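Structure first, then comments.
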Ligand code: CP
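Residue numbers (the UniProt record's numbering): 1 to 294.
Put into structure tokens, the structure is as follows:
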């Protein structure tokens, strides 16, 4: 794997192999490698867990944000990444509000890891979600997954639905019809909570809404996860949320740390999968360098 921009380009076997590696304990030492974390949108979980993963692999890292970089002076993302490549960076992790920002980076020679591109994709979030579900159920086959909330503006919902279906799960969307992708009819929250083996709540992506977007003053009661709805869960149902959580909006605050919540486990798994992804792209780069030398 040279770069990771989306799970769409990976086979089922490659995805399962990353999950297996993430749950293992042995990682190579990458002490001579430098990562650059380029975060052009706010982030706590993804940025900090990449930094933690890099430290755990023995790497050193640079941190770049929009305000403090020459992107402010009009430099392109391509020239920014070429600069990082020129000064000796081994891999670049990028979060951007631009969907598919990585298309302009096809001529760079170092691995690019997509840490979230607008409403496009967030492949390491999908991997940590998959790992959390696999740890719980062992497999994805026939699991009923309900993804609830602002599906249309989410960079996680459609990508997760696509990979979960490939791996054998059934996926349902729940939430306001206005926030569904074209052609999708949501199931109600009442029906969804009875059906779900996994209930995945999403944050409303207000930063991606335009002025015409509808507002739902009673969102929690109409569409969200209330304690009353959670009482209808099956005994084994788990609650997931990618974070950050808007407590009292998409789910009741008492549920964030409920026994069936795996929200903080997802965050811990974020470090594991990011270690595995970094190890994979750096290993591939090492193999390529070796191929050139022989
Ligand atoms: N889930 C997620 O991407 O969180 P951050 O925006 O805090 O990185």
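Ideal Cβ placement from N, Cα and C applies to all residues, glycine included. As the structure is a computational prediction, the values presented were derived from the model and not from experiment.
Segment limits, alpha helix (DSSP H) that includes residue 51: Element bounds for residue 51: 45–56.
Start and end residues, alpha helix (DSSP H) containing residue 116: Here residue 116 belongs to no alpha helix (DSSP H); instead the beta strand (DSSP E) covers 112–117.
Any idea which residues DSSP pairs residue 94 with across the strands? 38 and 114
Rounded to the nearest angstrom, how far is the Cβ of residue 201 from that of residue 167, given a contact under 8 Å? Contact doesn't hold; Cβ gap of about 21 Å is too wide.
Alpha helix (DSSP H) segment containing residue 126, residue limits: 123–137
Ligand 1 and residue 226: does the residue's C-beta get closer than 7 Å to at least one heavy atom of that ligand? Between ligand 1 and the CB of residue 226, the shortest heavy atom gap is not smaller than 7 Å.
Looking at the structure shown, is residue 166 part of a helix, part of a strand, or coil, going by DSSP? helix
On the premise that residue 273 lies in contact with residue 112, defined as a C-beta separation below 8 Å, what is that separation, rounded to the nearest angstrom? Their Cβ separation, rounded to whole angstroms, is 17 Å, which puts residue 112 and residue 273 out of contact at 8 Å.
Which residues neighbour ligand 1 when neighbourhood means a C-beta less than 5 Å away from any of its non-hydrogen atoms? List them by chain order. Having a Cβ closer than 5 Å to some heavy atom of ligand 1 are 43, 44, 45, 46, 242 and 243.
Tell me whether residue 264 is buried or exposed, calling it buried when 16 or more other Cβ atoms sit within 10 Å of its Cβ. exposed
Run through the DSSP bridge pairs and tell me what residue 247 is partnered with. Under DSSP, residue 247 forms a beta bridge with 251.
Specify, as a first and last residue, the run of the beta strand (DSSP E) that residue 201 falls within. 198–201
Have a look at the DSSP bridge pairing and note the partners of residue 174. 148 and 187
Along the chain, where does the beta strand (DSSP E) containing residue 60 start, and where does it finish? Counting along the chain, the beta strand (DSSP E) containing residue 60 begins and ends at 60–65.
Applying the 10 Å Cβ sphere with the 16-neighbour rule, what's the burial state of residue 198? buried
Give the range of the alpha helix (DSSP H) segment to which residue 15 is assigned. 12–22
Counting C-beta neighbours from all protein chains within 10 Å, is the total for residue 231 16 or more, i.e. buried, or is it exposed? Classification of residue 231: exposed, given that the 10 Å Cβ count is below 16.
Can you tell me whether residue 110 is buried or exposed, with buried defined as 16 or more other CB within 10 angstroms of its CB? buried
Taking 8 Å as the cut-off, does the region 124–135 touch the region 181–193 (at least 3 CB pairs, one atom from each stretch)? Note that the region 181–193 does not touch the region 124–135; fewer than 3 beta-carbon pairs, one per stretch, sit closer than 8 Å.
Report buried or exposed for residue 236, applying the criterion of at least 16 other Cβ atoms within 10 angstroms of its Cβ. Burial call: exposed.
Whose C-alpha, out of 127, 233, 196 and 255, is nearest the C-alpha of residue 220? 255
Collapsed DSSP secondary structure at residue 261 in the structure displayed: strand
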